[in-house]
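In this note's numbering, the protein residues as written are 1016 to 1430. Backbone N, C-alpha and C define an ideal beta-carbon position, used for all residues, glycine too.
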Ligand code: HEM
């Protein structure tokens, strides 16, 4: 048997066959590290026969995660088989979208949105992102405690999303709200929705709002925003309503939570490692490598799940057709056999981009370069202003085994 409330979750002496890393509390309390260190060492491909999400395999080492990622023919993301999260979503909120598809439909739909992330388009957006980042940083209170998550991380990523969708500016805070609704664990004390039915109702309201924008854009000549691109592409223009909701949800969560949590996680990591802060101040050219390191160290997406289409050997373990296979990016990113001193935060690593936070293979994050750009600008502008940011107390983390994130981080900027 795997879970047992009598066994402390963060105790490295739990019998191996009872280790279950799926409990969201592990991530809310940030106590997951010793369990994964043990699995990587003693049982890197680990079978948990019973958990609140049913039986599942845990893939915990970097190279094994890569193997699953790259074998998309066998390790499927398809919604019909269970999708990409350890928790199989309840019927009614089980909206399809292209992260939950295999080829060929995945390929067609991904192709529709990918052009917005080309290097040329990103270069065109850089000025606007910098201008907004400057405005946000200049508006922050001095010598007064405020929440970094709300005033910086959420604000900046919301502005970015509103730009990508060309979304009505005054309503932009609806976007992070819908993102929270889409991913909330309904058992979390601060969940914005209390049941899957409530979630479905809120997301339907989101779809109604977007449907108006969609119809307007479909009637106009194509332009360069995500709604217009989806409304004019053959692969996506006639999506059924659930898939329409699911695709918006994917873009909103993808473009929002992950970057937002890296903005907060980066500040926290620098606060916890003053030697790295000093190194950065002394050499601002380290910003791109700092960005890559914060993305690795934070690992905003905790896991992705696949379902085996047929029996296969993974390492020395026999995976059976239909088995749930969970790739724990948080663990792969701490794999010492690939990343030296993986538990340490080091902003000038020899290979800073060697991490799994963006996944790999055909589903590798489509927004990676945009996230890198937003984070780079944020840190460049913080350094340009020489902001002295003090973390006032511990962050409140979210109750989730899927997204590693923060509800709040109290900080103060010394004038
Ligand atoms: C630090 C920021 C980010 C992280 C850590 C992140 C992480 C990820 C991960 C782990 C995946 C799945 C990869 C896999 O299954 O192999 C993914 C997919 C995706 N991400 Fe991101 N992401 C980030 C930012 C963004 C942004 C800014 C956007 C868009 C505005 C975005 C849109 C997407 C989309 C659409 C997919 C689905 C790709 C597919 O299925 O082909 N992400 N992301």
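Count Cβ pairs between the region 1132-1151 and the region 1380-1395 that sit closer than 8 Å; are there 3 or more?
Taking 8 Å as the limit for Cβ pairs, the verdict is that the region 1380-1395 does touch the region 1132-1151.
Check the C-beta distance from residue 1083 over to residue 1353 and give it rounded, since I have them as a contact under 8 Å.
Between residue 1353 and residue 1083 the Cβ distance is about 15 Å, and since that is not below 8 Å, they are no contact.
With H, G and I counted as helix, E and B as strand and the rest as coil, what does DSSP make of residue 1047?
Three-state result, residue 1047: coil.
Just reading off the beta strand (DSSP E) that residue 1073 is part of, what are its end residues?
Its beta strand (DSSP E) spans residues 1071-1074.
For the ligand HEM, any of its heavy atoms closer than 7 Å to the Cβ of residue 1063?
The answer is no for residue 1063.
Residues near residue 1200 by beta carbon distance below 7 Å, same chain, minus five either side:
1039, 1206, 1414, 1415.
Per the DSSP calculation, residue 1162 is bridged to which residue(s)?
BP columns for residue 1162 point to 1425.
Specify, as a first and last residue, the run of the alpha helix (DSSP H) that residue 1222 falls within.
Here the alpha helix (DSSP H) through residue 1222 covers 1211-1234.
Coil, strand or helix - residue 1208 by DSSP
DSSP, reduced to helix, strand and coil, places residue 1208 outside both helices and strands of the structure shown, so it counts as coil.
Three-state secondary structure (DSSP) of residue 1029:
In the structure shown, residue 1029 adopts coil according to DSSP, grouped into three states.
Flag residue 1121 as yes when its Cβ comes closer than 7 Å to any non-hydrogen atom of the ligand HEM, and as no otherwise.
True, at least one ligand heavy atom lies under 7 Å from that Cβ.
Work out the CA separation of residue 1193 and residue 1221 for me, nearest whole Å.
If you take the alpha carbons of residue 1221 and residue 1193, they lie about 7 Å apart.
Excluding the 5 residues preceding and the 5 following residue 1016 in the sequence, name in chain order all residues of the same chain whose CB lies nearer than 6 Å to its CB.
With a pLDDT of 34 at residue 1016, under the threshold of 50, the predicted position of this residue should be treated as unreliable, and no value is reported.
Validate contact between the region 1068-1088 and the region 1208-1223 using beta carbons, cut 8 Å, 3 pairs
The way I'd put it, the region 1068-1088 doesn't touch the region 1208-1223; fewer than three beta-carbon pairs between them come closer than 8 Å.
Any heavy atom of the ligand HEM closer than 7 Å to the beta-carbon of residue 1086?
No, the Cβ of residue 1086 stays beyond 7 Å of every heavy atom of the ligand HEM.
Do residue 1078 and residue 1412 have their CB atoms nearer than 8 Å?
Not a contact, by the Cβ cut-off of 8 Å.
Residue span of the alpha helix (DSSP H) that contains residue 1246, given as start and end
For residue 1246, the enclosing alpha helix (DSSP H) has its first and last residue at 1241-1247.
Below 8 Å, how does it come out for the region 1360-1374 and the region 1290-1308: are there three or more Cβ pairs, yes or no?
Touching, yes.
Would you check if the region 1402-1409 and the region 1109-1123 touch, i.e. whether three or more CB-CB distances between them fall below 8 Å?
No, because fewer than three Cβ pairs between the region 1109-1123 and the region 1402-1409 fall closer than 8 Å, the two stretches do not touch.
Helix, strand or coil at residue 1341 according to DSSP, with G and I counted as helix:
Secondary structure of residue 1341 (DSSP, three-state): strand.
Three or more beta-carbon pairs under 8 Å between the region 1362-1380 and the region 1164-1175, yes or no?
Taking 8 Å as the limit for Cβ pairs, the verdict is that the region 1164-1175 does not touch the region 1362-1380.
Would you kindly work out how many angstroms separate the C-alpha atoms of residue 1258 and residue 1430, rounded to a whole number?
When rounded, the distance between both Cα atoms is 49 Å.
Please look up how many angstroms separate the CB atoms of residue 1342 and residue 1319, rounded, as I've assumed it's under 8 Å.
Here residue 1342 really is in contact with residue 1319; their C-beta atoms are around 5 Å apart, less than 8 Å.
Residues bridged to residue 1060 (per DSSP):
DSSP, once it has assigned bridges, lists 1074 as partnering residue 1060.
Mind checking whether the beta-carbon of residue 1274 lies closer than 7 Å to any heavy atom of the ligand HEM?
Yes; taking the cut-off as 7 Å, the Cβ of residue 1274 has a heavy atom of the ligand HEM nearer than that.
Cα-Cα separation between residue 1034 and residue 1073, rounded to whole angstroms
Taking the straight line from one Cα to the other gives about 10 Å.
Which residue's Cα is closest to the Cα of residue 1409: 1054, 1131, 1282, 1080?
The residue with the shortest Cα to Cα distance from residue 1409 is 1282.
Give me, in chain order, the residues of the same chain whose beta-carbon lies closer than 7 Å to that of residue 1330; leave out the 5 immediate sequence neighbours on both sides.
If we look at residue 1330 and ignore the five residues flanking it on each side, its Cβ neighbours are 1059, 1060, 1079.
Please report the straight-line C-alpha distance between residue 1422 and residue 1028, rounded to a whole angstrom.
Taking the straight line joining both Cα atoms gives about 31 Å.
Endpoints, beta strand (DSSP E) assigned at residue 1403:
Start and end: 1403-1406.
Can you give me the start and stop residues for the alpha helix (DSSP H) that residue 1318 sits inside?
That residue, residue 1318, is in no alpha helix (DSSP H); its beta strand (DSSP E) goes 1318-1323.
Please list, in chain order, all residues of the same chain as residue 1351 whose beta carbon is under 7 Å from its beta carbon, the five residues on each side excluded.
Short of 7 Å from the beta carbon of residue 1351, and not among the five residues preceding or following it, lie these beta carbons of its own chain, in chain order: 1357.
Going by DSSP, what residue range makes up the alpha helix (DSSP H) through residue 1128?
Judged by DSSP secondary structure, residue 1128 falls within the alpha helix (DSSP H) whose first and last residues are 1120-1128.
Would you mind reading off the limits of the alpha helix (DSSP H) that contains residue 1104?
Run containing residue 1104: none; DSSP gives neither H nor E here.
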